[in-house]
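Novice:
Chains as they are written, first to last, in our numbering: chain C, 459 to 777; chain D, 120 to 683.
#1: May I ask you to list the residues that DSSP assigns as paired with residue 531/D?
#2: May I ask you to list, following chain order, the residues of the stretch 718–735 of chain C that have a beta carbon less than 7 Å from some beta carbon of chain D?
#3: Using a Cβ cut-off of 7 Å, pull out every chain C residue sitting near residue 564/D, in sequence order please.
#4: Within the same chain, show all residues whose beta-carbon is closer than 7 Å to that of residue 374/D, passing over the 5 residues directly before and after it, in chain order.
#5: Put residue 468/C into one of helix, strand or coil per three-state DSSP.
#6: Is the Cβ-Cβ distance between residue 322/D and residue 225/D less than 8 Å?
#7: Tell me which residue opens and which closes the beta strand (DSSP E) that residue 297/D is part of.
#8: Please classify residue 144/D as buried or exposed, where buried requires at least 16 other C-beta atoms within 10 Å of its C-beta.
#9: In the DSSP assignment, find the unbroken alpha helix (DSSP H) run with residue 719/C in it and report its ends.
#10: Is the beta carbon of residue 428/D closer than 8 Å to that of residue 476/D?
#11: What does residue 603/C reach in chain D if we use C-beta pairs closer than 9 Å?
#12: Short check: CB of residue 356/D to CB of residue 739/C, under 8 Å?
#13: Do residue 491/D and residue 485/D have their CB atoms nearer than 8 Å?
#14: What is the DSSP secondary structure of residue 502/D, reduced to helix, strand or coil?
#15: Can you tell me whether DSSP reads residue 761/C as helix, strand or coil?
#16: Would you kindly work out how many angstroms separate the C-alpha atoms of residue 587/C and residue 685/C, rounded to a whole number?
#17: Which one or two residues does DSSP pair with residue 597/D in a beta bridge?
#18: Just how far apart, CA to CA, sit residue 450/D and residue 666/D?
#19: Take the Cβ of residue 552/D as the centre, count every other Cβ of all protein chains shown within 10 Å, and call the residue buried at 16 or more, exposed below.
#20: Looking only at C-alpha atoms, which of 267/D, 221/D and 302/D sits nearest to residue 329/D?
#21: What is the C-beta distance between residue 222/D and residue 480/D, in whole angstroms, given that I count them as a contact (C-beta under 8 Å)?
#22: Measuring alpha carbon to alpha carbon, tell me which of 721/C, 727/C and 698/C ends up nearest residue 762/C.
#23: Alpha helix (DSSP H) containing residue 399/D: first to last residue?
#24: According to the Cβ coordinates, are residue 382/D and residue 305/D closer than 8 Å?
#25: Judging by CA-CA distance, which residue of 461/C, 642/C and 603/C is the nearest neighbour of residue 652/C?
#26: How should residue 601/D be labelled, buried or exposed, when 16 other C-beta atoms within 10 angstroms of its C-beta is the threshold for buried?
#27: Using three-state DSSP, classify residue 172/D as helix, strand or coil.
#28: Is the Cβ of residue 215/D closer than 8 Å to any Cβ of chain C?
#29: Please name the residue or residues paired with residue 219/D in a DSSP beta bridge.
#30: In the DSSP assignment, find the alpha helix (DSSP H) that holds residue 526/C and state where it starts and stops.
#31: If I measure Cβ to Cβ from residue 578/D and keep anything under 8 Å in the same chain, skipping five residues before and after, which residues do I get?
#32: Residue 465/C to residue 673/C, Cα distance in whole Å?
#33: Please name the residues in the stretch 380–392 of chain D whose beta-carbon is closer than 7 Å to at least one beta-carbon of chain C, in chain order.
#34: Check for me: the beta strand (DSSP E) holding residue 82/D runs from which residue to which?
#35: Do residue 661/D and residue 414/D count as a contact pair if the criterion is CB distance below 8 Å?
#36: Among 238/D, 610/D, 309/D and 543/D, which one has its Cα closest to the Cα of residue 300/D?
Okay, here's the thing in structure tokens:
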């Protein structure tokens, strides 16, 4: 197992180098004057002496490849550069917001699983029943509803009409206890969870249906095992493998920040940082976020592979 | 398997709870432990002050004003900021020499009075003797230290140092020759030439003191000035909290000000209706009617219209022909377009047609209709006839052409404003109706502004430049950039603008600017435009907020915003 993990980490290095080169090159070629961004004086005149000072201080007077290698060397030490706009270190700006994104992602995933697992299993077990049709319809609706629309509906209903919850998040951790955090996170998490729960429900349902028709399930039943044991002991375990793949993709996606949801609910996560950075053309921050997103995806994929082996012992990672 | 399932769920739960339990590190606002060097150097470490305080929790008698702002804080360093969102906060913590009201009149702020010499080259400011640096921090402790003329001199000299990295460097170096302090409360600025915007510059730059710089004070995380409100905390992308400065020369009416950062304007409007915020800074046109129906809310505009215009690139191909530009202008129903974009059930005026490029409220605004007189009435038939006269006749494909060149171009608009995008479609379809092949094209905002600056657009929509020098920058010849003057050049206007910028008398200067704006309108450098009046939603419990602006200090000698 450890050999496999080490091998995967080593394999990730060239991938990251290619990605970082692409990101760096694309942003290098993007139009716009970094000096103006740093000085915050777009459309204002910058004196040549001031321009020279800024170029020297920020290393912008160096050739492309030197700048790229500096970026890689510094990134390897955890220094992703300095924001053109805020003059803050990019790494600290990202890490400042990352926990909030992870909290939201974790809460949304928990909520999605709480909905999708019972619903998907029930729909499969009660195949072609009203419950199945209802679950399928709910899943279709959940996938179809845009997150921003559902988010606004939640705010209008639960905040404006019923006054149950605050419109925006005033806390994003449990420093003030569970309930303030719960009240802050439940709407954005629900907004994110809806689509995920719908996808997972459909996946669990179809996967369970496949598995329930397998010989070994019929054999287990013919042996006289209890239905609960057949479902949870044999069928669900195998049905979860494709579901884990879907969940992995969703988790990886959320690691980059739920851009729309974070904006609507004013959740101070990495998605909002990404939006602000893009709108202000803060290239070092965009670079940093993209790189962190890539690394997150790689870590999630690695975890998924490990979970595969855990769920299905037939899968041997180190072979 | 149940065990596996339970483990999976438990893992999610533990992850979210564990992460939730990880509160942010708290740093006392007024006692920075690790001050950083204030410079442009990228190595300056930034240490977020993230005290996890819920702003809504206040004592029942506390006077708290909660402002919903859609703009994230970029920086709280006073000489680095260019964003209005930063300015909302910084203007309360720091003082500037002067303040400016909704009619562009200058008022005293740190300066009690001021005068210019007869030749306009010497400006003398008399500083208030009852302004002090904020106390209760490591720098000043409990000592009451007055703000003096030497602090003003020091601030401006720092901002004029290229190594210091002030965003005002070029402006100040271009105009200030040297500064003297005849006594502790008098500061005299000697200028290189007459600068009619000198007071404006004194409204833009914040006053700091030498002691802060020497102590490497962490301006980013612990703003410290002499303003009416003291900085308490900034929780990134969440809120900023300020509290009353008891030493201010007027007792500020508010105990605390909370800036809640609500990115989505629709959500901000809901928070206003829900009484979670007292002021919502930008109400969308679609939300205006919703706000207007509540008796505890009112709408008010900031006072000055923001110019949005459709510009020709005047030095490009056939747009160099003034007569062609004028003919095209007749094909656009501006009144109809503005009504289509901004009509609302509440009957609130969200936009007003612009005949001049200078806002009505600014010096030189078209208050005497001199620019309006330069506009022909909307008449697409007359536009077609004029195009025919100019030789742009329709071909077999219905597109007008002259000398083998088709009247075909792209109208580019940025993706930052849906009203502008819809305007682009209205204009393109109006042109197509008279045989002009115009394509509306939306571009990413940064690309759009770069394209305009570099002259890569034929026709474009842009907004802004409604400040005191906006008219000058739009009308005066500029050989180095195409923004905001898109290739327009008229020596007569240039001469008059030079004259205006040497005219210290306000009325005389306004008259010259009006004259320039009328010539500019007559030359049809812009296809047209409108002034947008951004509406602010305000709870009626907010007092002394007649000028609906939070970009001004909320507490001065003439204004003290409070809540009932």
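For every residue, glycine included, the Cβ atom is placed at its ideal position computed from N, Cα and C.
Specialist: Checking against the coordinates, here is how it stands:
#1: Mapped onto the second chain, residue 531/D falls at position 412. Answer is 560/D and 579/D, bridged to residue 531/D.
#2: 721, 722, 724, 726, 730 and 734
#3: Locating residue 564/D in the second chain gives position 445, counting from the first residue. Those are 737, listed as they occur along chain C.
#4: Numbered from its first residue, the second chain carries residue 374/D at position 255. Within the same chain, residue 374/D has close Cβ partners 181, 182, 183, 362 and 363.
#5: Locating residue 468/C in the first chain gives position 10, counting from the first residue. Residue state, collapsed to three classes: helix.
#6: Counting from 1 along the second chain, the entry for residue 322/D is found at position 203. Counting from 1 along the second chain, the entry for residue 225/D is found at position 106. The answer is yes: Cβ separation under 8 Å.
#7: Mapped onto the second chain, residue 297/D falls at position 178. From DSSP, the beta strand (DSSP E) with residue 297/D extends over 295–302.
#8: Working through the second chain from its first residue, we reach residue 144/D at position 25. For residue 144/D, the pLDDT reaches just 40, beneath the cut-off of 50, and the residue's location in the model is therefore unreliable, leaving the point undetermined.
#9: In the first chain, the residue the question calls residue 719/C occupies position 261. Segment 717–722, the alpha helix (DSSP H) holding residue 719/C.
#10: As a working note, residue 476/D is residue 357 in the second chain. As a working note, residue 428/D is residue 309 in the second chain. Result yes, Cβ atoms of residue 476/D and residue 428/D sit closer than 8 Å.
#11: Locating residue 603/C in the first chain gives position 145, where the first residue counts as 1. Here the premise fails: no neighbours, minimum Cβ distance about 17 Å.
#12: Working through the second chain from its first residue, we reach residue 356/D at position 237. Working through the first chain from its first residue, we reach residue 739/C at position 281. No, the pair does not count as a contact, with Cβ atoms beyond the cut-off.
#13: As a working mapping, residue 491/D is identified with position 372 in the second chain. As a working mapping, residue 485/D is identified with position 366 in the second chain. Yes, the pair counts as a contact, with Cβ atoms nearer than the cut-off.
#14: As a position in the second chain, residue 502/D is number 383, starting the count at 1. The answer is helix: DSSP assigns residue 502/D an H, G or I state.
#15: If you number the first chain from 1, residue 761/C lands on position 303. In the structure shown, residue 761/C sits in a helix (DSSP, three-state: H, G or I).
#16: Position 129 of the first chain, counted from the start, is the residue given in the question as residue 587/C. Position 227 of the first chain, counted from the start, is the residue given in the question as residue 685/C. The alpha-carbon atoms of residue 587/C and residue 685/C are separated by roughly 18 Å.
#17: Along the second chain, read from residue 1 onward, the residue named residue 597/D stands at position 478. Looking at the DSSP assignment, residue 597/D forms no beta bridge with any residue, so it has no partner.
#18: In the second chain, the residue the question calls residue 450/D occupies position 331. In the second chain, the residue the question calls residue 666/D occupies position 547. Near 38 Å, if we compare the C-alpha coordinates of residue 666/D and residue 450/D.
#19: If you number the second chain from 1, residue 552/D lands on position 433. When all chains shown are included, residue 552/D counts as exposed.
#20: To locate residue 329/D, count along the second chain from 1; it is residue 210. The candidate whose alpha carbon is nearest that of residue 329/D is 267/D.
#21: Indexing the second chain from 1 puts residue 222/D at position 103. Indexing the second chain from 1 puts residue 480/D at position 361. Yes, they are in contact, since the Cβ atoms of residue 222/D and residue 480/D sit about 6 Å apart, within 8 Å.
#22: In the first chain, the residue the question calls residue 762/C occupies position 304. Closest option to residue 762/C, Cα to Cα, is 698/C.
#23: In the second chain, residue 399/D corresponds to position 280, counting from 1. That residue, residue 399/D, is in no alpha helix (DSSP H); its beta strand (DSSP E) goes 398–402.
#24: For this step, residue 382/D is matched to residue 263 along the second chain. For this step, residue 305/D is matched to residue 186 along the second chain. It is not a contact, given that the beta carbons lie outside the stated cut-off.
#25: In the first chain, counting from the first residue as 1, residue 652/C sits at position 194. Taking only the C-alpha atoms, the option nearest residue 652/C is 603/C.
#26: Along the second chain, one-based indexing puts residue 601/D at 482. Residue 601/D is buried by the Cβ-count criterion.
#27: In the second chain, the residue the question calls residue 172/D occupies position 53. Residue confidence for residue 172/D is low, a pLDDT of 39 falling below 50, so the modelled location carries little weight; the figure read from the coordinates is stated next. Here residue 172/D sits in coil by DSSP.
#28: To locate residue 215/D, count along the second chain from 1; it is residue 96. Chain C, which has no Cβ nearer than 8 Å to the Cβ of residue 215/D, makes this no.
#29: Sequence index remark: in the second chain, residue 219/D carries index 100 (1-based). According to DSSP, which records beta bridges pairwise, residue 219/D is partnered with 225/D.
#30: Position 68 of the first chain holds residue 526/C. Here the alpha helix (DSSP H) through residue 526/C covers 522–534.
#31: For the purposes of this step, residue 578/D is taken as residue 459 along the second chain, with counting starting at 1. 429, 430, 431, 432, 438, 528, 529, 530, 531, 557 and 646, listed in sequence order.
#32: What you label residue 465/C is simply residue 7 of the first chain in a count that begins at 1. What you label residue 673/C is simply residue 215 of the first chain in a count that begins at 1. Roughly 37 Å between the two C-alpha positions.
#33: 380, 381, 382, 383, 385, 386, 389, 390 and 392
#34: Given a span of 120 to 683 for chain D in the structure shown, any question on residue 82/D remains unanswerable.
#35: The sequence position of residue 414/D within the second chain is 295, counting from 1. The sequence position of residue 661/D within the second chain is 542, counting from 1. No, the pair does not count as a contact, with Cβ atoms beyond the cut-off.
#36: Within the second chain, the letter at position 181 stands for residue 300/D. With distances taken between Cα atoms, residue 300/D lies closest to 309/D.
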